[in-house]
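222 is the number of the first residue of the sequence shown in our numbering; add one for each residue after it.
All C-beta atoms in this analysis are idealised placements derived from N, C-alpha and C, irrespective of residue type, glycine included.
Please read all numbers here as calculations on a predicted model, not as lab measurements.
Worksheet: the structure to be examined is printed underneath.
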Amino acid sequence: MEPKDLIREIDKASGRVSDARFFLHIDDKAAELASLDEQIAAPDFWNDPASAQTVSKRASNLRSTIEDYERARTLLDDARTALELAGEDTAFADEAERACMQLIELLDALEVESWFSGQFDEGDAILTVNPGQGGLEAQDWTEMLYQMYTRYAEDKGWKVTVLDLVPGEGIGLDKATIQIEGRYAYGMLRSEIGIHRLVRISPTDAKKRRQTTFASVEVLPVIADDIEVDLNPADVRVDVYRSSGPGGQCVNTTDSAVRLTHEPTGIVVTCQNEKSQLQNKEAAFRVLRAKLYELEERKRQAELDELRGERMDNSFGSQIRNYVLFPYQLVKDLRSGVETGNVDAVLGGALEPFVIGYHTWRVSQ
222 MEPKDLIREI
232 DKASGRVSDA
242 RFFLHIDDKA
252 AELASLDEQI
262 AAPDFWNDPA
272 SAQTVSKRAS
282 NLRSTIEDYE
292 RARTLLDDAR
302 TALELAGEDT
312 AFADEAERAC
322 MQLIELLDAL
332 EVESWFSGQF
342 DEGDAILTVN
352 PGQGGLEAQD
362 WTEMLYQMYT
372 RYAEDKGWKV
382 TVLDLVPGEG
392 IGLDKATIQI
402 EGRYAYGMLR
412 SEIGIHRLVR
422 ISPTDAKKRR
432 QTTFASVEVL
442 PVIADDIEVD
452 LNPADVRVDV
462 YRSSGPGGQC
472 VNTTDSAVRL
482 THEPTGIVVT
492 CQNEKSQLQN
502 KEAAFRVLRA
512 KLYELEERKR
522 QAELDELRGE
532 RMDNSFGSQI
542 RNYVLFPYQL
552 VKDLRSGVET
562 GNVDAVLGGA
572 LEPFVIGYHT
582 WRVSQ
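Below, the structure written as structure tokens:
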């Protein structure tokens with residue numbers, strides 16, 4: 222990079238660092254972190270493990286944001302210092318450029334982070350893939366999407382826990398539900414809610430005809446225990462049955478799988494991938510709480526839209542992205558316009574451009 226271009230980039234980055242202090246609310250976060258650290262230091266802090274875990278996670282997220290901002294300031298200082306020394310030793314010019322590039326990358330990430338201000342955006346997510354039209358092909362497509370999201374999460378360093386995998390008839394999956402734990406997992410993965418369309422030569426068709434297949438993706442936040450949800454245990458029918466999928470040593474030998482039916486709403490949740498019936502029951506109730514919370518939020522939003530005279534747009538029922546494997550190779554998001562011809566990379570978990578592209582489009586709207 223030419224010296225004058227480097228000076229311009231560092232000056233621009235300096236302004237972005239100053240802006241970041243305000244849009245990230247660093248001073249407010251520092252005050253909140255100090256308060257949480259006082260709570261954590263109290264002798265009775267772990268008497269309520271569920272509450273303590275929530276506080277600890279919040280403190281960890283705040284600390285990470287503040288540390289990232291401080292690292293940005295350090296990189297800015299390093300770039301400026303190296304640039305000054307470059308006048309005496311040209312080797313420092315490379316160091317200045319390297320620090321500047323690292324700073325720009327970090328600032329990009331911090332600006333993306335600022336988009337996630339929803340109540341649950343910072344937390345964990347429950348992602349479910351269900352087959353749509355397409356028969357056996359749709360079940361195969363469900364498994365492909367399940368693997369894509371699993372790899373994407375693992376590449377980001379998020380923890381993936383399988384809650385429910387229901388094998389399809391012959392191939393693929395009839396349903397896949399996973400819990401993804403990581404910073405901003407729910408906020409980021411909201412980009413995936415909707416219908417995903419696959420076009421390819423059918424691997425099950427002897428005549429090798431082109432097939433169009435659909436699968437739906439649902440993403441829910443993991444609701445903390447201190448969040449009030451209208452869930453009366455008396456309204457839930459609990460059925461146990463023998464697990465049919467992969468799992469622990471007791472699978473297919475004991476009735477470890479759990480099915481919950483919330484009778485007032487008809488919502489059904491199943492979980493069979495934990496080793497014990499108790500673990501499956503706890504996981505299923507976690508999913509049910511998230512579904513009931515989401516249902517109430519949709520009702521409230523519908524009432525607000527009706528008062529405003531707005532037309533509801535059911536995003537979950539709309540096609541959001543096309544994956545074309547034949548007669549050409551293309552993945553295209555129909556909302557943001559982001560596209561790539563490297564289909565294998567996307568199905569292998571390289572989703573970040575689509576996730577960021579969606580949120581860039583969302584913010585612009």
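Going by C-alpha to C-alpha distance, which of Leu394, Asn543, Val333 and Ser437 sits closest to Glu573? Here the closest residue by C-alpha is Val333.
Suppose you measure from the CA of Cys321 to the CA of Arg284; what does that come to, to the nearest Å? Spanning the two alpha carbons is a distance of roughly 23 angstroms.
Identity of the residues DSSP links to Cys492 by a beta bridge: Its beta-bridge partners are Val479.
For Gln260, which residues of its own chain have a beta-carbon under 8 angstroms away from its beta-carbon, when the five flanking residues on both sides are left out? Answer for Gln260: Phe266 and Val276, listed in chain order.
According to the Cβ coordinates, are Gln360 and Asp329 closer than 9 angstroms? No, the pair does not count as a contact, with Cβ atoms beyond the cut-off.
Bridge partner(s) assigned by DSSP for Leu551: According to DSSP, Leu551 shares a beta bridge with Val545.
Hey, could you find the ends of the beta strand (DSSP E) His417 is sitting in? Residues Gly415 to Ile422.
Following the continuous alpha helix (DSSP H) through Tyr370, name the residue where it begins and the one where it ends. Leu357 to Asp376 is the extent of the alpha helix (DSSP H) around Tyr370.
Pick from Glu527, Gly569 and Tyr407: whose alpha carbon is nearest that of Gly344? Ranking Glu527, Gly569 and Tyr407 by Cα distance to Gly344 puts Tyr407 first.
Would Leu499 be called buried (16 or more neighbouring beta carbons within 10 Å of its own) or exposed? So Leu499 counts as exposed.
Outcome for Gly558 when other beta-carbon atoms lying within 10 angstroms are tallied against a minimum of 16: Gly558 is exposed by the Cβ-count criterion.
Taking Thr491 and Ala478 to be in contact with their CB atoms under 8 angstroms, please state how far apart those CB atoms are, rounded to whole angstroms. Right, the Cβ-Cβ distance comes to about 7 angstroms (below 8 angstroms), so this counts as a contact.
Compare the Cα-Cα distances from Glu223 to each of Ala314, Tyr290 and Glu309 and report the closest residue. The candidate whose alpha carbon is nearest that of Glu223 is Ala314.
If you follow the alpha helix (DSSP H) that Ile261 is in, where does it begin and where does it stop? Segment Ile247 to Ala262, the alpha helix (DSSP H) holding Ile261.
Run the CB neighbour count on Leu357, radius 10 Å, all protein chains shown included, and call it buried at 16 or more, exposed below. By the neighbour-count criterion, in which 16 or more other beta carbons inside 10 Å mark a residue as buried, Leu357 falls on the buried side.
Check whether Asp299 and Glu316 have beta carbons under 9 angstroms apart: Yes, these two residues count as a Cβ contact at 9 angstroms.
Assuming Tyr462 is part of the beta strand (DSSP E), what are its boundary residues? Tyr462: member of the beta strand (DSSP E) spanning Val457 to Tyr462, first to last residue.
For my contact list, Ala511 and Pro442 are in at a C-beta cut-off of 8 angstroms; report their separation, rounded to the angstrom. About 6 angstroms; that satisfies the 8 angstroms criterion.
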